[in-house]
Amino acid sequence: MDREQRFCPACGQSVQSVVRRHKTLGAWVPRWVAGPCHNPKCEAYVEEGAPPPEQHARTPAPPTDRREP
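In the UniProt record's numbering, the protein residues as written are 1 to 69.
Written out as structure tokens, the structure is:
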């Protein structure tokens, strides 16, 4: 786990680290990023227990017509 302290970019208050993942060379690897801000006075405030914001919505690629030789 990443031990670096994360801060809210809007208000500067410390926030929890959360894990996201991305694919590198065919393997999913963790990436630790700043979590949501829980400071009620902050413009980036997110209530405790609120669902996480949607990331990049990916739609599956259409199947390809592969013909075997």
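By construction, the Cβ of each residue, glycine as well, lies at the ideal position given by its N, Cα and C atoms.
The structure presented is a predicted model; accordingly, all values stated were derived computationally and were not measured.
By alpha-carbon positions, which one of the options ends up nearest to residue i?
| i | options | result |
| --- | --- | --- |
| Q13 | R21, P36 and E48 | P36 |
| C8 | E48, N39 and E47 | N39 |
Within its chain, find whatever has a CB closer than 6 Å to the CB of residue i; leave out the 5 residues flanking it on each side and keep chain order.
| i | result |
| --- | --- |
| Q16 | G35 |
Is the distance from the Cβ of residue i to the Cβ of residue j below 8 Å?
| i | j | result |
| --- | --- | --- |
| H22 | V33 | no |
| R6 | R20 | no |
Leaving out the 5 sequence neighbours to the left and right, which residues in its chain are closer than 7 Å to residue i when beta-carbon positions are compared?
| i | result |
| --- | --- |
| E43 | A10 |
| V18 | V33 and G35 |
Identify the continuous beta strand (DSSP E) that holds residue i and give its terminal residues.
| i | result |
| --- | --- |
| V19 | S17 to T24 |
Name, in chain order, the residues that DSSP records as bridge partners for residue i.
| i | result |
| --- | --- |
| V33 | V18 |
| A27 | T24 |
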